[in-house]
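Counting with the working numbering, you get residues 3 to 291 for the letters of the sequence shown. Using N, Cα and C, we set each Cβ at its ideal position, and we do this for glycine too.
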Amino acid sequence: MRKTVRNTVIGLLSATALAATPWLTAPATATPQATDTKANTAAAAEFTDNFDGAAGSGVDGSKWGVETGDNVNNHERQYYTDGNKNAALDGNGNLVITARKENPANYNCWYGRCEYTSARLNTSQKFTTASGHVEARMKLPQGQGMWPAFWMLGNDIGSAGWPNCGEIDIMENVGFEPSTVHGTLHGPGYSGSGGIGAGYTLPNGGKFSDAFHTFAIDWSPNKIIWSVDGNVYQTRTPADLNGNRWVFDHPFYIILNLAVGGYWPGDPDGNTSFPQQLVVDYVKVTGGS
């Protein structure tokens with residue numbers, strides 16, 4: 003699996019994210035995740051957004067910042083817009099991040115006049131956690147060149163830089179793999195194509211664009227566990243880092259975005275239809291610290 007460093011050069015609403023920020027990426031056997039219903043019920047939700055609100059309204063600004071700009075380092079093709087132009091509530095309890103083949107505002111990208119618009123949101127300076135159950139229920143887009151992601155960055159990125167701040171990719175999907183998602187760790191000595199991760203593939207040829215699925219990590223000191231729909235497919239500890247430093251011991255913030263094109267997914271082609279949508283039912287963090 004090809005993995006790529008994702009250094010954004012976009013303008014962010016949060017100061018810490020003004021520094022270069024990155025990205026990502028690789029199959030595993032799923033086993034049912036044990037669920038302690040009583041414990042889950044008792045756990046305090048440090049962060050919850052159910053995206054309730056009127057159709058067409060923007061996200062809750064007390065929880066999310068909206069980033070703007072393009073991304074040269076991954077050679078992505080989209081321009082991330084602000085407000086509710088490409089990220090809006092649908093009135094049915096969902097956030098919809100929409101990628102469109104358009105450029106009504108004449109945005110300029112690294113390659114010239116931008117061909118696509120989309121959105122990227124983060125909780126920097128609004129919510130961070132250093133542990134806990136981090137979960138989102140989403141329905142993914144489909145098509146060549148689509149690159150949705152649900153991930154986290156260390157909130158010290160402004161001072162430590164990437165990858166020293168650490169990156170946790172909870173879910174990534176590239177359009178040419180409609181049935182597979184990836185979870186990856188990036189840190190010093192294991193970033194970009196050297197990121198440490200695994201993939202999860204739906205059984206029976208199912209596609210992640212056909213229905214909602216739940217993507218999660220369970221993060222405790224010196225351990226991160228990935229699951230899809232409650233099926234654990236990967237566990238990582240410091241022992242997996244080949245002697246490199248474990249940097250997942252401090253606060254991280256959450257990011258949601260839908261990229262178009264780039265080194266890993268490749269660019270859209272004649273078979274890619276637009277608009278494409280990443281539909282998010284909820285994001286929540288329980289048992290966080």
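Sorted by chain position, which residues of the same chain lie with C-beta nearer than 6 Å to residue i's C-beta, five sequence neighbours on each side aside?
i: N86; result: G60
i: G191; result: N246
What did DSSP end up calling residue i once you bin it into helix, strand or coil?
i: A44; result: Note that A44 scores a pLDDT of 41, beneath 50, so its modelled location is shaky; the value from the coordinates is reported in the next line. Helix at A44.
i: D90; result: The displayed chain sequence assigns Ala, not Asp, to residue 90. Reduced to three states, the DSSP call for A90 is strand.
i: G189; result: strand
i: A200; result: strand
i: L243; result: helix
i: G147; result: coil
i: A162; result: helix
i: S195; result: helix
i: N233; result: strand
i: G60; result: coil
i: K286; result: strand
Is it the case that the Cβ atoms of residue i and residue j are separated by a distance below 8 Å?
i: I257; j: I219; result: no
i: F53; j: M140; result: no
i: F183; j: F210; result: For clarity, residue 183 is Val in the given sequence; the question names Phe instead. Going by C-beta atoms, V183 is nearer than 8 Å to F210.
i: F178; j: P267; result: yes
i: G134; j: T288; result: yes
i: Q278; j: G145; result: yes
i: F254; j: G194; result: no
i: V262; j: M148; result: yes
i: A132; j: S275; result: no
From the options, pick the residue whose C-alpha is nearest to that of residue i; which is it?
i: Q127; options: Y118, D158, N175 and S133; result: D158
i: N124; options: G290, S161 and A89; result: A89
i: Y109; options: A121, A101 and Y82; result: Y82
i: E174; options: T203, F254 and W112; result: T203
i: G232; options: V249, E137 and T131; result: E137
i: Y235; options: C116, G201 and N244; result: G201
i: C248; options: G71, P143 and H188; result: It should be noted that the sequence gives Trp, not Cys, for residue 248. Taking only the C-alpha atoms, the option nearest W248 is H188.
i: C116; options: R79, G160 and V98; result: R79
Note down, in chain order, each residue of its chain lying with its Cβ closer than 7 Å to the Cβ of residue i, except the 5 sequence neighbours on either side.
i: D57; result: Position check: residue 57 holds Ala in this sequence, whereas Asp was assumed. If we look at A57 and ignore the five residues flanking it on each side, its Cβ neighbours are L91, D92 and G93.
i: G196; result: none
i: D84; result: V68 and T70
i: G207; result: S181
Spell out the partners DSSP gives residue i in its beta bridges.
i: T119; result: Y81 and R102
i: W248; result: BP columns for W248 are empty, so no partner.
i: Y255; result: L155
i: A107; result: Looking at the DSSP assignment, A107 forms no beta bridge with any residue, so it has no partner.
i: G67; result: N124
i: V281; result: V98 and K141
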